[in-house]
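Numbering (this note's numbering), first residue to last: 139 to 527.
All residues carry an ideal CB built from backbone N, CA and C; glycine is no exception.
Owing to the predicted nature of the structure, the values given are computational and were not obtained by experimental measurement.
Accompanying notes for the structure given below.
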């Protein structure tokens, strides 16, 4: 009954006029949500370490409100369904170190950035419109200290990711805005064919490199029609990660990366482009963790040559709720042809249980820069809930 109630909530948009409306064209979304009920029991079985085939599913839903500024004030709802399965060749007693991964996505609901805020960086990291499609499909093989992955992949899974930044809702804290707007890159909601290679000679050092199709396919036809051609070009990226446990078991992770993009269909002014980035995560004590992001690209070729992000997570700020997380962060996008945009975000993770966090979130967007006209500063709020199965 709870799942059916959730399904009803997920497919109504709260319009800014205050009306609730059904969207019958989202039947596929409803079917995927109902499947989550079965995935609950399946994923429980998947916790057995001896299972060679594991399943998992999640649903992220959020109510959104733009209180002031931007394009217009109003309310909407959006959500993301994720269904995943992994086949472990080692546990199936076939061969060592191999595995296949499949991920299906359904995105649905409103578009806060496009219709309400008009910001450049993207106030929600699940905004993508209404689509049902194949997200990832790849094969991974590990041999001693080397691992390779080939297939349809999300670049952000292995590159430019911040552990603490991922707690926030604004898209830039997941990956710098330079990736999203200066080049065509396989980051949510898009993925692309690619080959990833990583080498970890020691516990604290890792080198990674990958090459991807330079122009990710759109989400039409359920993302099942893939093609490679010369016009698409390629995207290559490399990253070095160094980790260290300081005194008091205060762990840190520091990543430095570079990328090069070549395409006849680039989002930039030039067919050849590139950039550099740094991502750092540092544990201060048992309660506090901080992160920082810096990304730069040539100003002669890019509309967003500079990005910087900084944030703090405080775990257990309420003595009786030691698993809850309070977060504060700022993301700055330095733009060439318009006023720079800054996003300030504060969030709180109420951990209901290990599978369900409730996340109220507020953001203040200074100089929303996603439109061709100047917009007033925008104050927005989210109420996000995630269900992990």
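Residues bridged to residue i [DSSP beta-bridge criterion]
| i | result |
| --- | --- |
| residue 448 | 430 and 468 |
| residue 238 | 225 and 277 |
| residue 393 | 379 and 417 |
| residue 436 | Partner(s): none; residue 436 has no beta bridge. |
| residue 480 | 470 and 504 |
| residue 459 | 456 |
| residue 359 | Partner(s): none; residue 359 has no beta bridge. |
| residue 200 | 216 and 522 |
| residue 211 | DSSP lists no partner for residue 211. |
| residue 489 | 495 |
As assigned by DSSP and simplified to three states, the class of residue i
| i | result |
| --- | --- |
| residue 263 | coil |
| residue 191 | strand |
| residue 520 | strand |
| residue 510 | coil |
| residue 407 | Because residue 407 sits at a pLDDT of 47, beneath the cut-off of 50, its placement in the model cannot be relied upon, and the following sentence gives the value as read from the coordinates. The answer is coil: DSSP assigns residue 407 none of H, G, I, E or B. |
| residue 419 | strand |
| residue 369 | helix |
| residue 475 | coil |
| residue 251 | helix |
| residue 424 | coil |
| residue 269 | strand |
| residue 498 | strand |
| residue 258 | coil |
| residue 286 | strand |
| residue 384 | strand |
| residue 292 | coil |
| residue 374 | strand |
| residue 442 | coil |
| residue 412 | strand |
| residue 205 | strand |
| residue 231 | coil |
| residue 400 | strand |
| residue 116 | Missing from the structure shown is residue 116; the chain here goes from 139 to 527 and no further. |
| residue 143 | Bear in mind that the predicted position of residue 143 carries a pLDDT of just 34, short of 50, making it unreliable; the figure below should be weighed with that in mind. Of the three classes helix, strand and coil, the one that applies to residue 143 here is helix, per DSSP. |
Cβ-based burial, residue i [other Cβ within 10 Å; buried from 16]
| i | result |
| --- | --- |
| residue 493 | exposed |
| residue 510 | exposed |
| residue 362 | exposed |
| residue 228 | exposed |
| residue 231 | exposed |
| residue 443 | buried |
| residue 453 | buried |
| residue 367 | exposed |
| residue 329 | buried |
| residue 479 | buried |
| residue 183 | With a pLDDT of only 48 at residue 183, under 50, the local geometry of the prediction cannot be trusted, and the value read off the model is given with reservation. Residue 183 comes out exposed. |
Pair within 8 angstroms by beta-carbon distance, residue i and residue j
| i | j | result |
| --- | --- | --- |
| residue 380 | residue 392 | yes |
| residue 324 | residue 293 | yes |
| residue 271 | residue 326 | no |
| residue 316 | residue 413 | yes |
| residue 273 | residue 243 | yes |
| residue 496 | residue 200 | no |
Residue i Cβ short of 7 angstroms to the ligand MN heavy atom set
| i | result |
| --- | --- |
| residue 380 | This structure simply doesn't include the ligand MN, nor any ligand for that matter. |
8 angstroms Cβ cutoff, residue i in contact with chain D
| i | result |
| --- | --- |
| residue 225 | Protein chains in the displayed structure number just one, and chain D is not present. |
Item checked: Runs of alpha helix (DSSP H) wholly within the segment 294-356 (minimum 4 residues, chain order) -> 315-319
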